[in-house]
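For the sequence shown, UniProt numbering begins at 1 and goes up steadily by one. Note that CB positions come from ideal geometry on N, CA and C, so glycine has one too. In this text, all values refer to a predicted model and were calculated from it rather than measured experimentally. Some notes on the structure that comes next.
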Amino acid sequence: MKKDYKIILIVVGIVIGCIVFGTSLFMGKYNTVVSLEEQVNESYSNIEIQEKRRADLIPNYVDSIKDYKNFEQETLTQVIEARSQAESGNVEQAQKTLSVVVEQYPELKASELYKNLQIELSTTENMIKDYREDYNKQVKSYIKKTRSFPTNIVLNLMGYETKDFKYLKYDTSADAPTNLFK
């Protein structure tokens, strides 16, 4: 009788161990896939944030550069006017005009704005590229995990519907604007 009792305890222990192991396996696989899914979503969100940054950056910089370009054009007009005044013998008026220009516009730096725009755009494009690469890596990990054995069986048994994430392509737009400063 004692022998039967030990066998029953061993069998019950094995059954409980299998249940705990199976539950842990199911929960672990499921939680891993959910975590990967969230990483894919986060990666995609990062891309959207940078694309929004780019969309906001370009018009703002272009407007600033256009305004500054107009400002430099006005300054050039005033300098030409001062030169004309000097050539026509009105040196005092020319000096006054130039003094006003120098006081109002001590530094003309539209070319610096152009450089800054190029740097910002380059930085943003590199960030978007990096985030796209990260997204594709996350999609690859997700797809690999959801298709691998035994995860695919566990997910099917639990009724989990895998997401149909697609890899991002790196195509550029052929109709991208080429002259933003007209």
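Exercise for the section: Jot down the residue ranges of each uninterrupted alpha helix (DSSP H) in the segment 131-160, minimum 4 residues, whole runs only, in chain order. Expected result: 151-158
Practice task
Report buried or exposed for S43, applying the criterion of at least 16 other Cβ atoms within 10 angstroms of its Cβ.
Solution key: For the purposes of this step, residue 43 is taken as residue 43 along the sequence shown, with counting starting at 1. It counts as buried.
Problem - DSSP three-state assignment for S35, whether helix, strand or coil - result: Within the sequence shown, the letter at position 35 stands for residue 35. Helix, per DSSP.
Exercise for the section: Pick helix, strand or coil for Y68, following the three-state DSSP scheme. Expected result: If you number the sequence shown from 1, residue 68 lands on position 68. Helix, per DSSP.
Practice task
Indicate the three-state DSSP secondary structure (helix, strand or coil) for K169 in the structure shown.
Solution key: Locating residue 169 in the sequence shown gives position 169, where the first residue counts as 1. Correct three-state label for K169: coil.
Problem - Exposure of R147, with buried meaning 16 or more beta-carbon neighbours within 10 Å - result: What you label residue 147 is simply residue 147 of the sequence shown in a count that begins at 1. Exposed, since its Cβ has fewer than 16 Cβ neighbours within 10 Å.
Exercise for the section: State the Cα-Cα distance for the pair K166 and I143, rounded to the nearest angstrom. Expected result: In the sequence shown, counting from the first residue as 1, residue 166 sits at position 166. In the sequence shown, counting from the first residue as 1, residue 143 sits at position 143. Approximately 10 Å, taken between the alpha carbons.
Exercise for the section: Use the C-beta contact count for A82: other C-beta atoms within 10 angstroms, 16 or more gives buried, fewer gives exposed. Expected result: Within the sequence shown, numbered from 1, the residue matching residue 82 stands at position 82. It is buried - the Cβ of A82 has at least 16 other Cβ atoms within 10 Å.
Problem - Length of the line joining the Cα atoms of E38 and T151 - result: Along the sequence shown, read from residue 1 onward, the residue named residue 38 stands at position 38. Along the sequence shown, read from residue 1 onward, the residue named residue 151 stands at position 151. Going by the C-alpha atoms only, they are around 17 Å apart.
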